[in-house]
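Participant: In the working numbering, each number is its position in the sequence shown, counted from 1, plus 1.
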Amino acid sequence: MVIELKSFKIEDWKYLKKWISSESELIQFAGQIFSFPIDQKQVELYLSESKRTVFKIENENNETIGIAEISIPEENVAKLARILIGEKSMRGKGVGTELINKLTEYGFSNLKKERIILNVYSWNIGAIKCYEKVGFSKTDKPKKLVKVGNENWETIEMEKKPVANNV
């Protein structure tokens, strides 16, 4: 699957509105940064954060199929967040793996970071397997609990470091 990362613009918020139909889906995608239902004003505020680069993901037909973010929480660290393959028909086809590979390449090559981190809910086995497949591993950072309805969702931090060149 060939995908491209393009700049996410305010007019692209319509995709989030289309893809996210419940509070739990919104929290799974974005943590607690937004409130349900998502609206243009929330997305404008989100996009105004300068330490954050937000991408829309397009397939080979130039159709927007997802969104992802990379931010700089610390000097030598990039963080992947708000990763969503919104078009359900595109899931399970390697798009997530390709996306994470492109984002980590961007973090190491373009941003020159030494470490890339992300958080994932412990029950999201498909995402965890995808991240492990591209070289992420769980860190020792204490897990956090997020209350969603009557449930507590546990977050796990994962990290990837660049592979040393064999010279």
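By construction, the Cβ of each residue, glycine as well, lies at the ideal position given by its N, Cα and C atoms.
I need the DSSP call for residue 23, collapsed to helix, strand or coil.
Facilitator: Residue 23 falls in the coil class under three-state DSSP.
Participant: Helix, strand or coil for residue 88, going by three-state DSSP, please let me know.
Facilitator: Of the three classes helix, strand and coil, the one that applies to residue 88 here is coil, per DSSP.
Participant: Restricting to Cα atoms, I'd like to know which of 139, 110, 104 is closest to residue 8.
Facilitator: Nearest of 139, 110, 104 to residue 8, Cα basis: 104.
Participant: Select from 86, 39, 44, 58 the residue whose C-alpha is nearest the C-alpha of residue 131.
Facilitator: When only C-alpha atoms are compared, the closest one is 86.
Participant: Among the candidates 91, 42, 2, 83, whose CA atom is the shortest distance from the CA of residue 120?
Facilitator: Among 91, 42, 2, 83, the Cα nearest to that of residue 120 belongs to 83.
Participant: Does the beta-carbon of residue 140 have 16 or more other beta-carbons within 10 angstroms, so that it is buried, or is it exposed?
Facilitator: Looking at its Cβ environment, which holds fewer than 16 other Cβ atoms inside 10 Å, residue 140 is exposed.
Participant: For residue 123, which residues of its own chain have a beta-carbon under 6 Å away from its beta-carbon, when the five flanking residues on both sides are left out?
Facilitator: The residues are 155, 157.
Participant: So, residue 99 versus residue 39, is the Cβ gap smaller than 9 Å?
Facilitator: No. Outside cutoff.
Participant: For residue 48, which of helix, strand or coil comes out of DSSP?
Facilitator: Correct three-state label for residue 48: helix.
Participant: With 16 as the cutoff for other CB atoms within 10 Å, does residue 70 come out buried or exposed?
Facilitator: Counting Cβ neighbours within 10 Å, residue 70 comes out buried, since at least 16 surround it.
Participant: Which of the three DSSP states, helix, strand or coil, is assigned to residue 168?
Facilitator: Only weak support exists for where residue 168 lies, its pLDDT of 42 falling under 50; the value from the coordinates is given anyway. Coil at residue 168, not helix or strand.
Participant: Just to confirm the assignment: which complete alpha helix (DSSP H) runs, minimum length 4, are found wholly within the segment 126 to 165?
Facilitator: Within the segment 126 to 165, the complete alpha helix (DSSP H) runs of at least 4 residues are 126 to 134.
Participant: DSSP three-state label for residue 56, please.
Facilitator: Looking at residue 56 - three-state DSSP - the assignment turns out to be strand.
Participant: If you draw a straight line from the C-alpha of residue 163 to the C-alpha of residue 138, how long is it?
Facilitator: Straight-line Cα distance between these residues: approximately 12 Å.
Participant: Find out if the Cβ-Cβ distance for the pair residue 11, residue 45 is shorter than 9 Å.
Facilitator: Result yes, Cβ atoms of residue 11 and residue 45 sit closer than 9 Å.
Participant: Could you check the C-alpha separation between residue 34 and residue 106 for me, to the nearest Å?
Facilitator: Approximately 26 Å, taken between the alpha carbons.
Participant: Quick one: using the 10 Å Cβ neighbour count with 16 as the cut-off for buried, is residue 118 buried or exposed?
Facilitator: So residue 118 counts as buried.
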